[in-house]
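The opening residue of the sequence shown carries number 1 in the UniProt record's numbering; numbering runs sequentially from there.
Here the structure comes first, spelled out in structure tokens, and everything after it is commentary.
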Amino acid sequence: MRRGRVAAAAGLNIETLRYYERRGLLAAPDRSPGGHRLYPPETVTVLRVIKAAQRLGFTLDEVSDLLELGRHRHGKRIDAGLQQRAHTKLVEVEVRISDLTAIRDNLTAALDAGCDDLLACASSPCCPIPFEAITLHPDSQPAPAANIRAQR
1 MRRGRVAAAA
11 GLNIETLRYY
21 ERRGLLAAPD
31 RSPGGHRLYP
41 PETVTVLRVI
51 KAAQRLGFTL
61 DEVSDLLELG
71 RHRHGKRIDA
81 GLQQRAHTKL
91 VEVEVRISDL
101 TAIRDNLTAA
111 LDAGCDDLLA
121 CASSPCCPIP
131 FEAITLHPDS
141 QPAPAANIRA
151 QR
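As structure tokens, then:
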């Protein structure tokens, strides 16, 4: 299959196809006598797998590793294969969901309190945004939750 047909079948643009090839996600295709790239039909499946893995949160580097593991597996069980990496990715997603939930809750509280000016809000004892907890340096110890609530 020629480049344009492969890209269309996979729902990508040609530049993305070329980028994946440069990154090593796709093997260099054969060339026709006229110099056109000729991809095997399974390239469409590989491209769909890459896009699906990205939608699941895997980076292109992680996708590349997973594809490489699959190519060299030869029926052997690999300890850090898809199962382990999917578990690790799931933990990362759960942490991001928790972070996003906290952000949503703080933004909702700020909206409900009518906060309109970050500087004025930060110096107000009734501001619901936990500025102190958010701005602490990672090496410092946060104030106990009861103290933060008492300061509001």
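Every residue gets a Cβ at the ideal spot worked out from N, C-alpha and C, and that includes glycine.
Under the DSSP definition of a beta bridge, which residues are partnered with Asp30?
The residue you call residue 30 lines up with position 30 of the sequence shown. Residue pairing for Asp30: DSSP places it in a beta bridge opposite Leu38.
Between the segment 56 to 66 and the segment 35 to 46, can you find at least three pairs of beta-carbon atoms closer than 8 Å?
The count of Cβ pairs closer than 8 Å, one atom from the segment 35 to 46 and one from the segment 56 to 66, stays below three, leaving the stretches out of contact.
Going by DSSP, what residue range makes up the alpha helix (DSSP H) through Lys103?
The residue labelled residue 103 in the question sits at position 103 within the sequence shown. For the sequence presented, residue 103 should be read as Ile rather than Lys. That run of the alpha helix (DSSP H) goes 82 to 113.
Note down the Cα distance separating Ile50 from Ser32, rounded to an integer number of angstroms.
What you label residue 50 is simply residue 50 of the sequence shown in a count that begins at 1. What you label residue 32 is simply residue 32 of the sequence shown in a count that begins at 1. So the alpha carbons of these two residues sit roughly 26 Å apart.
For Ala113 and Pro125, the rounded distance between their alpha carbons
As a position in the sequence shown, residue 125 is number 125, starting the count at 1. As a position in the sequence shown, residue 113 is number 113, starting the count at 1. Rounded to whole angstroms, Pro125 to Ala113 spans 12 Å at the Cα level.
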